[in-house]
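Undergrad: Let me begin by handing over the structure; questions about it come next.
Residue numbers (the UniProt record's numbering), protein chains in the order written: chain F, 1 to 414; chain U, 1 to 368.
Below, the structure is given as structure tokens:
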């Protein structure tokens, strides 16, 4: 269904996204769910993830109306069980056959070749999993959308996970064969495949634009590459000067070149983040909902890298210090004061659990939350008033929920 | 009906995305929702009202009627408080009937799938496939594996674990030759000693056998070491290490999935760990024991010292000494000692010792 413009005055009206997070609420929820996850040896993680999504979804309120997540922990747990039952067969036999192939086909005679061979087996294993990974990603996205509501109306996604897996593999091969030159084509076409099957109620999303529009987003990867090449030339020049002079004093060129290569490598790394952020901007700007509603999302690469590195750094250090301090003190008390050597393994285990607990809670508070906030603050919706005409869609029951994504550890979300 | 409290709210009817501004009034057993844009008013009993779980914001409340699409948002702390006190089922999850049964069935299916694949299909497949690996590949693989294990263990002590005392090596070769003359091996057998205090010995694919220094220290006579070596040769001849490597590879893939990945590198570590701990099946251990008894008898050596060694382990570590060594694992040590003693063909008769006194001394000092 195409939405018609509601009335003249509201056309082109832009609304923002409110953000309703309260630190105290999130902190207690994060601690509670992580503790329960630890105490139940990981079983609670399905419910923990559900509750955290409940919270984060309701934090984000386009035009002041919060999203609602109505997925259930139980369906995730059951979905995981289904996925395990299926994947156990596939993975068990796959690993075994690969090892057998590794043993009987290419057995290397020295360490380097041996490592190369193990690497090859790992890549083949990964390749065999690739279709499943794409499949799982699509299913997980469909699950999440079908469990998301806004103003009481469901989102949804058409079936098409195998088609996505097929295209995913095809475009991955194309990208690899063209050494990344056609990466924007992959990004665009896969996003279009997903977006064009996404619905809000009875209204469809559409991805417009052309794949070539993503090329500018690659500029920092290219720049990084040029810096690496320049550094390589410098280093080679320095080496050559040293060798031809016979003076052994040309080392400065080599050192400087190596430094430039290092800078270039970091630049490429940041360039990948820049590509992800700016291709997201471009793709979002060219999405429509019901032909009239459009979106603007302008996240900043610098802020997101800052959150990721800064937040990760602080969370990692605080968690390590906490875990080490508590584990260490406990171990000291038990071993030195009470003289029970055997308990040392338990006390250091407690230290590790505290490290894990602190790390999960802190990364939620210092990475996930700021990132969601950053996206919320930098997104607007144009002509949202037209959405009042959207009608409800049917529920989308599917048994395995996001079980495959979870079993394959694709980071099925917080 | 006594109507109290009237607050403003936002109502979504679950049919369109249109926002309805509504008045909420409270009566004795529930709330009534009225609005100019609504076709009809809605009445929700307190007993049917459910809160949307874990919502952000601490002022208001977001509620729905159990199982219905409609949503009501009210940004009024007093109203929120009223709802919380009156609605007894506010946080019910409304799981459908038969949920427990469904969970039980699914869990049983998943667990049995994992168990069947890990303990039936993978081991069987491993057994079949193990015999199809070319011997020369197995030997190269074995050499690589020993090197890897040496590297992993070396973190604890020194980088080069293999002991190189020339006289000791000669003694070890003499012992190995006397035993291996009794059977045909597709592999070139290669025995070495690791300078490590663990009381253990293990075989890797392709005829590589490693004895730990701790085991030699623990033995009172060279015949005890010979018994262990014959047992390891049994594993080699039966290709047990190759089966184990294949089997673990399959199991590690599954376990990694169930418990979440512990980073890819862990797989190699677990494999090495498995080979050292050598969790062979009970049948494989018994078969290796039987093999050892026969070889010892054919070589004119007693198997009573092997029994004595098992008993010593039992005394030191209990009946299923578990992680210390697979020598000490299934089947129960006491039974194995009895079987070894029963298989002894020498008893009190004379026999040519496997090593002379000097050679035994050299073996004990192989790592010095």
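For glycine and all other residues, C-beta sits at the position ideal for the given N, C-alpha and C.
Between which residues of its own chain and residue 289 (chain F) is the CB-CB distance below 7 Å, once the five residues before and five after are set aside?
TA: Residue mapping note: residue 289 (chain F) aligns to position 289 of the first chain, counting from 1. Around residue 289 (chain F): 200, 203, 205.
Undergrad: Distance cutoff 8 Å, beta carbons only. Does residue 151 (chain F) sit that close to anything in chain U?
TA: Taking the first chain and counting its residues from 1, the one referred to as residue 151 (chain F) is at position 151. Closer than 8 Å to some Cβ of chain U, the Cβ of residue 151 (chain F) qualifies, so yes.
Undergrad: How would you call residue 42 (chain U), buried or exposed, if buried means at least 16 neighbouring beta carbons within 10 angstroms?
TA: Here residue 42 (chain U) is taken as the residue at index 42 of the second chain, counted from 1. Residue 42 (chain U) should be labelled buried.
Undergrad: Of all the CB atoms in chain F, is at least one closer than 8 Å to the CB of residue 42 (chain U)?
TA: Reading the second chain from its first residue, position 42 is the one you call residue 42 (chain U). Not one beta carbon of chain F lies nearer than 8 Å to the beta carbon of residue 42 (chain U).
Undergrad: Count the other CB atoms, across all protein chains shown, that sit within 10 Å of the CB of residue 71 (chain U); report buried if there are 16 or more and exposed otherwise.
TA: For the purposes of this step, residue 71 (chain U) is taken as residue 71 along the second chain, with counting starting at 1. So residue 71 (chain U) counts as buried.
Undergrad: Could you check which residue in U:139, U:219, U:295 has the C-alpha nearest to that of residue 404 (chain U)?
TA: Residue coverage of chain U in this structure runs from 1 to 368, which leaves residue 404 (chain U) outside it and unanswerable.
Undergrad: Closer than 9 Å by beta-carbon distance: list the chain U residues that pair up with residue 361 (chain F), in chain order.
TA: Locating residue 361 (chain F) in the first chain gives position 361, counting from the first residue. Neighbours of residue 361 (chain F) on chain U: none; closest Cβ ~16 Å, over 9 Å.
Undergrad: How far does the alpha helix (DSSP H) with residue 388 (chain F) in it reach, from first residue to last?
TA: Position 388 of the first chain, counted from the start, is the residue given in the question as residue 388 (chain F). Premise fails: residue 388 (chain F) is in no alpha helix (DSSP H) and is neither H nor E.
Undergrad: How would you list, in chain order, the residues of chain B whose beta-carbon sits under 7 Å from the beta-carbon of residue 391 (chain F)?
TA: Looking for chain B here will not work: the only protein chains present are F and U.
Undergrad: Please go through the same chain and pick out, in chain order, the residues whose beta-carbon is closer than 8 Å to the beta-carbon of residue 265 (chain U), but skip the five residues on each side of it.
TA: Here residue 265 (chain U) corresponds to residue number 265 of the second chain, with the count starting at 1. Model confidence at residue 265 (chain U) stands at a pLDDT of 43, short of 50, so the residue's coordinates are unreliable; what they give is reported in the following sentence. Same-chain partners within the cutoff: there are none.
Undergrad: Residues bridged to residue 370 (chain U) by DSSP?
TA: What is shown of chain U runs 1 to 368, which leaves residue 370 (chain U) out entirely.
Undergrad: Between residue 207 (chain F) and chain U, is the shortest Cβ-Cβ distance under 8 Å, so that the two count as touching?
TA: Against the first chain, residue 207 (chain F) aligns to sequence position 207. No, because no Cβ of chain U sits closer than 8 Å to the Cβ of residue 207 (chain F).
Undergrad: Who are the neighbours of residue 212 (chain U) on chain F, taking C-beta pairs under 7 Å?
TA: As a working note, residue 212 (chain U) is residue 212 in the second chain. Neighbours of residue 212 (chain U) on chain F: none; closest Cβ ~22 Å, over 7 Å.
Undergrad: Rounding to the nearest angstrom, what Cα-Cα distance links residue 339 (chain U) and residue 177 (chain U) in this structure?
TA: Here the question's residue 339 (chain U) lines up with position 339 in the second chain. Here the question's residue 177 (chain U) lines up with position 177 in the second chain. C-alpha separation (whole angstroms): 25 Å.
Undergrad: Between the segment 79-90 of chain F and chain U, which residues of the former have a C-beta closer than 7 Å to a C-beta of the latter?
TA: Only those residues of the segment 79-90 of chain F whose C-beta falls short of 7 Å from the nearest C-beta of chain U are listed: 81, 82, 84, 85, 87, 88, 89.
Undergrad: Whose C-beta lies closer than 6 Å to the C-beta of residue 329 (chain U) among residues of the same chain, with five residues either side of it excluded?
TA: For the purposes of this step, residue 329 (chain U) is taken as residue 329 along the second chain, with counting starting at 1. Annotation note: pLDDT 48 at residue 329 (chain U) (below 50); position unreliable, coordinate value reported separately. Result list for residue 329 (chain U): empty, nothing under 6 Å.
Undergrad: Can you tell me which of the three DSSP states residue 161 (chain U) falls into?
TA: As a working note, residue 161 (chain U) is residue 161 in the second chain. Three-state result, residue 161 (chain U): coil.
Undergrad: So is residue 382 (chain F) in contact with chain U if we call contact Cβ pairs under 8 Å?
TA: The count along the first chain starts at 1 and reaches residue 382 (chain F) at position 382. With 8 Å as the cut-off, residue 382 (chain F) does not count as an interface residue toward chain U.
Undergrad: Can you give the beta carbon distance from residue 381 (chain U) to residue 216 (chain U), rounded, assuming they're within the 8 Å contact cut?
TA: No answer is possible for residue 381 (chain U): it lies beyond the span of chain U, which begins at 1 and ends at 368.
Undergrad: Are residue 150 (chain F) and residue 65 (chain F) closer than 8 Å when you measure CB to CB?
TA: Within the first chain, residue 150 (chain F) is the residue found at index 150, counting from 1. Within the first chain, residue 65 (chain F) is the residue found at index 65, counting from 1. Yes.
Undergrad: To the nearest angstrom, how far is it from the Cα of residue 357 (chain U) to the Cα of residue 243 (chain U)?
TA: Taking the second chain and counting its residues from 1, the one referred to as residue 357 (chain U) is at position 357. Taking the second chain and counting its residues from 1, the one referred to as residue 243 (chain U) is at position 243. Taking the straight line joining both Cα atoms gives about 38 Å.
Undergrad: Within the 8 Å Cβ cut-off, does residue 233 (chain U) reach chain F?
TA: What you label residue 233 (chain U) is simply residue 233 of the second chain in a count that begins at 1. Chain F, which has no Cβ nearer than 8 Å to the Cβ of residue 233 (chain U), makes this no.
Undergrad: With respect to the alpha helix (DSSP H) encompassing residue 81 (chain U), which residues constitute its N-terminal and C-terminal limits?
TA: Working through the second chain from its first residue, we reach residue 81 (chain U) at position 81. Taken as a continuous stretch (DSSP letters only), the alpha helix (DSSP H) holding residue 81 (chain U) covers 77-86.
Undergrad: Would you tell me roughly how many angstroms separate the C-alpha atoms of residue 261 (chain U) and residue 184 (chain F), rounded to the nearest one?
TA: Stepping through the second chain from its first residue, residue 261 (chain U) is reached at position 261. Stepping through the first chain from its first residue, residue 184 (chain F) is reached at position 184. Note that residue 261 (chain U) scores 44 on pLDDT, short of 50, meaning its location in the model is unreliable and no value can be drawn from it.
Undergrad: Would you kindly check if the distance between the Cβ of residue 11 (chain U) and the Cβ of residue 35 (chain U) is under 8 Å?
TA: Translated into positions along the second chain, residue 35 (chain U) becomes position 35. Translated into positions along the second chain, residue 11 (chain U) becomes position 11. The answer is yes: Cβ separation under 8 Å.
Undergrad: Going along the segment 11-24 of chain F in order, which residues come within less than 9 Å of chain U, judged by CB to CB distance?
TA: 19, 20, 21, 22, 24
Undergrad: Grab the span of the alpha helix (DSSP H) containing residue 290 (chain U) for me, first residue to last.
TA: Translated into positions along the second chain, residue 290 (chain U) becomes position 290. Note, residue 290 (chain U): alpha helix (DSSP H), 282-298.
Undergrad: Cα-Cα, which of F:291, F:52, F:393, F:179 is closest to residue 384 (chain F)?
TA: The count along the first chain starts at 1 and reaches residue 384 (chain F) at position 384. Out of F:291, F:52, F:393, F:179, F:291 has the C-alpha closest to the C-alpha of residue 384 (chain F).
Undergrad: Classify residue 92 (chain U) as helix, strand or coil using the three-state DSSP reduction.
TA: Here residue 92 (chain U) refers to the residue found at position 92 of the second chain. Coil, per DSSP.
Undergrad: Can you round the beta-carbon distance between residue 358 (chain F) and residue 323 (chain F) to whole angstroms, since I take them to be within the 8 Å contact cut?
TA: Along the first chain, read from residue 1 onward, the residue named residue 358 (chain F) stands at position 358. Along the first chain, read from residue 1 onward, the residue named residue 323 (chain F) stands at position 323. Contact flag correct, Cβ pair sits at about 7 Å.
Undergrad: Please classify residue 186 (chain U) as buried or exposed, where buried requires at least 16 other C-beta atoms within 10 Å of its C-beta.
TA: Taking the first residue of the second chain as 1, we reach residue 186 (chain U) at position 186. The residue is exposed, with fewer than 16 neighbouring Cβ atoms inside 10 Å.
Undergrad: From F:19, F:179, F:218, F:165, pick the residue whose C-alpha is nearest to that of residue 193 (chain F); which is it?
TA: Looking up residue 193 (chain F) in the first chain gives position 193. Taking residue 193 (chain F) as reference, the option from F:19, F:179, F:218, F:165 with the minimal CA-CA separation is F:165.
Undergrad: Specify the secondary structure class of residue 381 (chain F) as computed by DSSP and reduced to three states.
TA: Along the first chain, read from residue 1 onward, the residue named residue 381 (chain F) stands at position 381. Of the three classes helix, strand and coil, the one that applies to residue 381 (chain F) here is strand, per DSSP.
Undergrad: Measuring only between beta-carbons, confirm whether residue 8 (chain U) sits less than 8 Å from chain F.
TA: In the second chain, the residue the question calls residue 8 (chain U) occupies position 8. It does not: the Cβ of residue 8 (chain U) has no partner Cβ on chain F nearer than 8 Å.
Undergrad: Along the segment 76-107 of chain U, what residues have a CB closer than 9 Å to any CB found in chain F?
TA: Here the close residues are 93, 95, 99, 102, 103, 106, 107.
Undergrad: If we count the other Cβ atoms within 10 Å of its Cβ and call it buried at 16 or more, is residue 332 (chain F) buried or exposed?
TA: Here residue 332 (chain F) refers to the residue found at position 332 of the first chain. Answer is exposed; the Cβ neighbour count stays below 16.
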